[in-house]
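>
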């Protein structure tokens, strides 16, 4: 199997697909729009999931699990919600197959038709709020801070591995609160958790902001988001946190008894990130040689490749490798030893470069005699020869350095791709020639937003949370504006 | 909300339901046959999952994720397999809803009919072996040792929380091997993993055995199982491990190039345990006061309940509790402090008894003056007053003792309920009067097995792996038999 990768310059979309497939993260499946997450990709997801799960628990959340299926009537209860999801959902209509009496093979049994169709969850607000009705009676039951790790299905017409698939894995937090203020604070807190995760674990700088009304989640009063920038200058929404007001409480009649003995509707939030983050990770750091994994979430952080001739050398090197493995493992470092004799060292070097393992140790017989090893870092491709004495500490520091370097590199690129622009022609030109975020004035109307999208394919990614108020004129209409917003073409 | 529990003697099935619902493990949902796993139940599942996952990884397995949907035609490819699953599956036929132009609300859009129906996975052999076709070319690609944690759906007509639900959570291992011997060894290894998990973590003794042909998994050459005994004398299949031969490789044309340069079909195994184990856990150890959690997988192992009057006492006790929490947490013990002032200590005692938390510490002002605390163990309900000096070590040992005691108690009960029987009338009588496993001779025919099932509702749970060969006569027909098998009524 050839492992050649299309370069970013030649075909960015193909480069991405090559990395995902040849890097062993995922594969297409026999089911339209669904992917197979391969072991290497899933190990990455496990590390991301575990880090996020700990952050959720540290902020007081607990996990639970709600049904995969949502009765059709539930979806209809929140008007905006159904508008957003009805057009792209998988519908279960029957519960049995049978052999065709006319010899046509296995067919759906027409007698096993469901009374009410079930929708495979595209998101779980409705089934969860229908449940919360039973769980919440009084202010003493609040806040309710629940998260779910689950698969969801949205019948997308155009799919791309990780970025947009019919089925994907995600987490969805669904919380219930006694006051609007508390719910807004929760929404913002979880946005901060996502931003911290993206920056500290994925080494991916993000901009925290709020969506325009047109870009809000179906059923939300406010949608907050983190937006990242990919190497082709396109933005990617990496996580969202929604303040749902009392919309779902009203749709499902969830009231609580206040301390003052009144019945009030409960306030809600929901927030989620998905396997889409893996797509973001790939595009944020990788290069033309393959994936580049940030050490903190890399499935393997270090790979040791022995270079030997004959059994005697193999054994001596193997013993040394075992010792190094033991020391690194004791420090909590994830390390792999590859002494597979079916592949040459050169092939292995290329393979682990492709997989983006942060640090490679080459262990040769002559090096050992000199008490040194060669270590190579994936991000800069620099090699150095270091003494075996104190190697574990050198590796530990190097992993930290790589993590930081990846973040700084991505941030430098991102910061260089936020351009202030006040002229429409320049706006259009910049989108084509430079890409990135364009910070421009907007008159605040959905019509203008839509016109700009039609003309340029750029959308308002967010109104940054730390935005300065600044009087100006809309980039398209010249109407007065009170602040700049961030436009970009996006995934 | 009343927390009274039906006693086992009064109504065993209701007792079970009371424990699951009032103990906070799960709830019925609005979707027929699907349950909501509540936070306490999910925390238990997380502990079980994490322990199993580690055992899988320690035996060389990696996790991956395959599509939720299976094309209808895939199910048909393995004849026995489709026979086993077609009659109880959720079928996706459409991918869009729309507003009824005649005002009937939200309806399935007839124009969005799938060309081929998709089945929500009841198990994943077919979609996985269709994928393995691309992953396996040569003996170098083998063995392939993959596990998946996932939700699956089987449209059961009669459902019971955890024990039998339309949707449940499970893991399914799917491995590929170059030889039959290797695949059988894998099947047996994973059975051992399940048995170790059941006994060491769940404190639940199990019998390892092999199923009769009639009870095999649909598509397997051999099904191994672990069987546990519940307190009502009924058996429960707690896990299965299947040797699939080359059946799925042939159905999906998965061949590999051997070292000798020949094309051969690949050998397969699959193995799984599910949230059903939670049902088993509940029935293995609990009593009329509530759940009894084995310490090793208990969501909380220790709860501290303060007993105080006034703010001053509350503060002094709170400080002491914080110190104890810190010490216990440092030892890896999961501990909860409940100083909620809306509930009295007596109510809390009953609540944590209901939830089955292994050790309760009552922290009172007078006790503190005497440098002692009262600790109560959930399993025996014994209380003792112990010195605060060295408390963490006392707790640690007590948790080990409870774990062991639960296992021994369950094993004593189980062993006392394996009865050798050689007479048909006695066989029938024992099933009604004593229950448990009946060790009896069987003539080896499916007809006899079926007749016994019809007459008594007892099935052959397994042929134990450590069975002695012993000539005898079939309990029903008197025909010659070469060994005893284990009969029981089962969940």
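Residue numbers (my numbering), protein chains in the order written: chain B, 48 to 538; chain A, 48 to 538. Just so you know, even glycine gets a beta-carbon here, dropped at the ideal spot from N, CA and C.
#1: Check whether the Cβ atoms of residue 87 (chain A) and residue 66 (chain A) lie closer than 8 Å to each other.
#2: So, is the C-beta of residue 90 (chain A) closer than 8 Å to a C-beta in chain B?
#3: Out of B:426, B:375, B:418 and B:147, which has the shortest C-alpha to C-alpha gap to residue 337 (chain B)?
#4: For residue 483 (chain B), which residues of its own chain have a beta-carbon under 7 Å away from its beta-carbon, when the five flanking residues on both sides are left out?
#5: By the criterion of Cβ-Cβ separation under 9 Å, what are the contact partners of residue 350 (chain A) in chain B?
#6: Assuming residue 171 (chain B) and residue 221 (chain B) are in contact, meaning their beta carbons sit under 8 Å apart, how far apart are those beta carbons, in whole angstroms?
#7: Is the Cβ of residue 152 (chain A) closer than 8 Å to any Cβ of chain B?
#8: Give, in chain order, every residue of the region 167 to 179 of chain B whose Cβ lies closer than 8 Å to some Cβ of chain A.
#9: Cutting at 7 Å between CB atoms, please list the residues of its own chain near residue 521 (chain B), excluding the five before and the five after it.
#10: In three-state DSSP terms, what is residue 506 (chain B)?
#11: Check each candidate in B:194, B:392, B:225 and B:235 and name the one with the smallest Cα separation from residue 307 (chain B).
#12: Is there at least one Cβ from chain A nearer than 8 Å to residue 258 (chain B)'s Cβ?
#13: Going along the region 128 to 147 of chain B in order, which residues come within less than 9 Å of chain A, judged by CB to CB distance?
#14: Take residue 56 (chain A) and list the residues in its own chain whose beta-carbon comes closer than 7 Å to its own, dropping the five residues that flank it on each side.
#15: Given 8 Å as the limit, is there contact between the region 407 to 414 of chain A and the region 351 to 366 of chain A, that is, 3 or more CB pairs closer than that?
#16: Evaluate residue 348 (chain A) with the Cβ neighbour count: other Cβ atoms within 10 Å of its Cβ, from every protein chain shown; 16 or more gives buried, anything less gives exposed.
#17: With a threshold of 6 Å on Cβ separation, who are the neighbours of residue 62 (chain A) within its own chain once the five nearest residues in sequence on each side are excluded?
#18: Helix, strand or coil for residue 101 (chain B) per DSSP?
#19: Mapping the DSSP letters down to three states, classify residue 384 (chain B) as helix, strand or coil.
#20: DSSP three-state label for residue 313 (chain B), please.
#21: How about residue 96 (chain B): is its C-beta nearer than 8 Å to some C-beta of chain A?
#22: Flag this pair as yes or no: are the beta carbons of residue 299 (chain B) and residue 124 (chain B) separated by less than 8 Å?
#23: Taking C-beta pairs closer than 8 Å, name the residues in chain B that residue 81 (chain A) reaches, listed in chain order.
#24: Between the region 226 to 233 of chain B and the region 454 to 462 of chain B, do at least 3 Cβ pairs fall closer than 8 Å?
#25: Going by DSSP, what residue range makes up the alpha helix (DSSP H) through residue 458 (chain B)?
#26: Just to confirm before moving on: does the CB-CB distance between residue 167 (chain A) and residue 137 (chain A) stay below 8 Å?
#27: If you pair each beta-carbon of the region 384 to 398 of chain A with each one of the region 287 to 305 of chain A, do three or more pairs fall below 8 Å?
#28: May I ask you to list, following chain order, the residues of the region 359 to 384 of chain B that have a beta carbon less than 9 Å from some beta carbon of chain A?
#29: Distance cutoff 8 Å, beta carbons only. Does residue 356 (chain B) sit that close to anything in chain A?
#30: Can you list the alpha helix (DSSP H) stretches of 4 or more residues lying completely in the region 60 to 134 of chain B, in chain order?
#31: Suppose the cutoff is 6 Å on Cβ atoms and the five residues either side in sequence are ignored; what does the same chain contact list for residue 526 (chain B) look like?
#32: Could you check what DSSP says for residue 249 (chain B) in three-state terms: helix, strand or coil?
#33: Name the DSSP beta bridge partners of residue 255 (chain A), please?
#34: May I ask you to report which of helix, strand or coil DSSP gives residue 392 (chain B)?
#35: I'd like the list of long-range same chain contacts for residue 407 (chain B), defined as Cβ closer than 6 Å, with 5 residues on each side in sequence excluded.
#36: Just how far apart, CA to CA, sit residue 174 (chain A) and residue 180 (chain A)?
So, from the data block:
#1: Their beta carbons are not under 8 Å apart, which means residue 87 (chain A) does not touch residue 66 (chain A) by this criterion.
#2: yes
#3: B:426
#4: 276, 280, 464, 465, 466 and 535
#5: The premise fails here: residue 350 (chain A) is roughly 16 Å from chain B at the closest Cβ pair, so nothing lies under 9 Å.
#6: Indeed they touch by this definition, with Cβ atoms about 7 Å apart.
#7: yes
#8: Residues of the region 167 to 179 of chain B with a C-beta atom less than 8 Å from some C-beta of chain A are 167, 174, 177 and 178, listed in chain order.
#9: 488, 489, 490, 495 and 528
#10: strand
#11: The residue with the shortest Cα to Cα distance from residue 307 (chain B) is B:225.
#12: no
#13: 129, 132, 133, 134, 135, 136, 137, 138, 139, 140, 141, 142, 143, 144, 145 and 146
#14: none
#15: yes
#16: Classification for residue 348 (chain A): buried.
#17: 53 and 55
#18: helix
#19: strand
#20: coil
#21: no
#22: yes
#23: 114, 115 and 116
#24: Fewer than three beta-carbon pairs drawn from the region 226 to 233 of chain B and the region 454 to 462 of chain B are found closer than 8 Å, and the two stretches are therefore not classed as touching.
#25: In the DSSP assignment, residue 458 (chain B) falls within the unbroken alpha helix (DSSP H) covering 438 to 463.
#26: yes
#27: no
#28: none
#29: no
#30: 86 to 105, 119 to 122 and 126 to 132
#31: 490
#32: coil
#33: A:273
#34: Note: residue 392 (chain B) maps to helix in three-state DSSP.
#35: Counting only Cβ-Cβ distances below 6 Å, and skipping sequence neighbours, we find 350, 399 and 423.
#36: 10 Å
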